[in-house]
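**Student:** Here you go, one structure.
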Amino acid sequence: MSNSSSQVITCKGAVCWGIGEGVKVEDIQVDPPKATEVRVKMLCASVCHTDIFATQGYIHANYPQVLGHEGIGVVESKGEEVKNVEVGDVVIPLYISECGECEVCIKGKTNLCMKYPIRLSGLMPDDTSRITVRGHKAYHLMSCATWCEYMVVDANYILKVDPAIDAAHGSFISCGFSTGFGAAWKEAMVEQGSSVAIFGLGTVGLGAVSAAKLMGATKIIGIDINEKKREKGEAFGMTDFINPDKLSDKPLSQQVKELSGEMGVDYSIECTGVPSLLNEAMESTKVGVGKTVVVGAGAESVQLSYATILYGRTLKGSVFGGIKPISDLPFIAHKCHTKEIPVDELLTHEILLEDISKAFELMRYPDCVKVLLKM
Ligand SMILES: NC(=O)c1ccc[n+]([C@@H]2O[C@H](COP(=O)([O-])OP(=O)(O)OC[C@H]3O[C@@H](n4cnc5c(N)ncnc54)[C@H](O)[C@@H]3O)[C@@H](O)[C@H]2O)c1
Ligand SMILES: [Zn+2]
Ligand SMILES: [Zn+2]
């Protein structure tokens, strides 16, 4: 392997060759960074449910694609115009960024920055690629491609972090956990004494539980068909658990209402991507004031009942839970560092990059929350 900063590096990366093809480790060539870019040597990465969607053509259908959008690494080299980081800095690659200058960033109502949008083409901002595999141009997963030993990213899509950060924490907060956390913190804006129902207790849902607890919610109802998620939910602050497979034939929303004084909850957060649960999530909230945030993703359509939404409820969709990476991620990182967020509870499996093909299988294990990829 070459490590000269001006040369192409040949290293290992996890590649998906097409829809339904799964993922395999290949030798990939990673170009040196151009003027506004950095090349990052990955320390570790992790698996988010959205990576599974990436093998199904969701996000974009450009292949071969180097997967992975959660991870943390060290800047190996940088282009001459890069000012925000130095070689050796520890960074988290981002799929959504924050310029601080566009109308969206100034008004602050959403995290969908106009200047640095999500790279849905899987290419760099100049519409080219820095990765080659078996002679083919390869695509990134959005602006990332974290499941490889080295990746090139535009310097505007990275967050410099404290080098003392636990690498696994850094990786876990780079997508799933922060998405759920932000859904409760930035989108629902859960307040002291409120009630929240969280549908799905994967990494995203557990992030939502964690933020609800930190914001002072007193009733935090977790819902999951996997009984093993009861214990995980409790570790992050869940007060009640519903396993829909175990309970009566009453609608889920009715079960939530019975646990929250019949009126329903103030907020619900949909973190499964199961279409039928969206209406239930909304129906679980109080008439007139209830707010539902949807972060679970899917390719299917959803059906909503007119009555549910006409009774004054609000539905809000969100990418990355409304988190502005530069402004908000350091807060979450700090709470993980001080153990106010028990983020270590997420780590259930560790594998080497070369064993990546096992990752999706592990995700189906009932006790699996987060798979950490070691480089
Ligand atoms: N909006 C965003 O920016 C964003 C970011 C990250 C992930 N996501 C999406 O969020 C969702 C969750 O991601 P994750 O990584 O936590 O996934 P995950 O697979 O780890 O967790 C999903 C959880 O939902 C539970 N579940 C599945 N079907 C259910 C049902 N019918 N009723 C109750 N519980 C059910 C599962 O048992 C599991 O615990 C995915 O759809 C993912 O693509 C969205
Ligand atoms: Zn902006
Ligand atoms: Zn993700």
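Numbering (numbering that gives the first Met the number 0), first residue to last: 0 to 374. By construction, the Cβ of each residue, glycine as well, lies at the ideal position given by its N, Cα and C atoms.
Grab the span of the beta strand (DSSP E) containing residue 68 for me, first residue to last.
**Tutor:** Numbered from its first residue, the sequence shown carries residue 68 at position 69. Unbroken run through residue 68: none, as it is neither H nor E.
**Student:** For residue 108, does the count of other Cβ atoms within 10 angstroms reach 16, so buried, or fall short, so exposed?
**Tutor:** Locating residue 108 in the sequence shown gives position 109, counting from the first residue. Answer is exposed; the Cβ neighbour count stays below 16.
**Student:** Smallest Cα separation from residue 94: which of 110, 354, 334 and 106?
**Tutor:** Taking the sequence shown and counting its residues from 1, the one referred to as residue 94 is at position 95. If we check each option's Cα against that of residue 94, 110 comes out closest.
**Student:** Give the secondary structure of residue 428 by DSSP, where H, G and I count as helix, E and B as strand, and everything else as coil.
**Tutor:** The requested residue 428 is not part of the displayed model; the chain covers only 0 to 374.
**Student:** Any idea what DSSP makes of residue 373, helix, strand or coil?
**Tutor:** One-based indexing of the sequence shown puts residue 373 at position 374. It is a strand residue.
**Student:** Can you look up residue 139 in the DSSP assignment and give me helix, strand or coil?
**Tutor:** The residue you call residue 139 lines up with position 140 of the sequence shown. It is a strand residue.
**Student:** Given this structure, state the Cα-to-Cα distance separating residue 244 from residue 12, to the nearest angstrom.
**Tutor:** Residue 244 sits at position 245 when you count from the first residue of the sequence shown. Residue 12 sits at position 13 when you count from the first residue of the sequence shown. Spanning the two alpha carbons is a distance of roughly 39 Å.
**Student:** Count the other CB atoms within 10 Å of the CB of residue 217; is the residue buried (16 or more) or exposed (fewer)?
**Tutor:** Against the sequence shown, residue 217 aligns to sequence position 218. Exposed: under 16 other Cβ atoms inside 10 Å.
**Student:** Going by DSSP in three states, residue 12 sits in which element: helix, strand or coil?
**Tutor:** What you label residue 12 is simply residue 13 of the sequence shown in a count that begins at 1. Correct three-state label for residue 12: strand.
**Student:** Which residues count as close to ligand 2 when the rule is a CB under 7 Å from any of its heavy atoms, in chain order?
**Tutor:** That gives 97, 98, 99, 100, 101, 103, 104, 112, 113, 114 and 115.
**Student:** State yes or no: is the C-beta of residue 320 within less than 8 Å of the C-beta of residue 181?
**Tutor:** What you label residue 320 is simply residue 321 of the sequence shown in a count that begins at 1. What you label residue 181 is simply residue 182 of the sequence shown in a count that begins at 1. Yes.
**Student:** For a quick check, are the C-beta atoms of residue 146 and residue 355 less than 8 Å apart?
**Tutor:** Here the question's residue 146 lines up with position 147 in the sequence shown. Here the question's residue 355 lines up with position 356 in the sequence shown. Yes, the pair counts as a contact, with Cβ atoms nearer than the cut-off.
**Student:** Does residue 248 pass the burial test, meaning 16 or more other C-beta atoms within 10 Å, or should it be called exposed?
**Tutor:** Position 249 of the sequence shown, counted from the start, is the residue given in the question as residue 248. Result: exposed.
**Student:** Excluding the 5 residues flanking residue 313 on each side, which residues of the same chain have their C-beta closer than 8 Å to its C-beta?
**Tutor:** As a working note, residue 313 is residue 314 in the sequence shown. 289, 290 and 291.
**Student:** State yes or no: is the C-beta of residue 54 nearer than 7 Å to some heavy atom of ligand 3?
**Tutor:** Stepping through the sequence shown from its first residue, residue 54 is reached at position 55. No; taking the cut-off as 7 Å, the Cβ of residue 54 has no heavy atom of ligand 3 nearer than that.
**Student:** Kindly indicate the opening and closing residues of the alpha helix (DSSP H) around residue 226.
**Tutor:** Indexing the sequence shown from 1 puts residue 226 at position 227. First-last for residue 226: undefined, no H or E at that position.
**Student:** Cβ-heavy atom distance between residue 178 and ligand 1 below 7 Å?
**Tutor:** As a working note, residue 178 is residue 179 in the sequence shown. It does: the Cβ of residue 178 is within 7 Å (strictly closer) of some heavy atom of ligand 1.
**Student:** Return the CA-CA distance between residue 28 and residue 85, expressed in angstroms with no decimal places.
**Tutor:** Taking the first residue of the sequence shown as position 1, residue 28 is located at position 29. Taking the first residue of the sequence shown as position 1, residue 85 is located at position 86. Whole-angstrom Cα-Cα distance: 23 Å.
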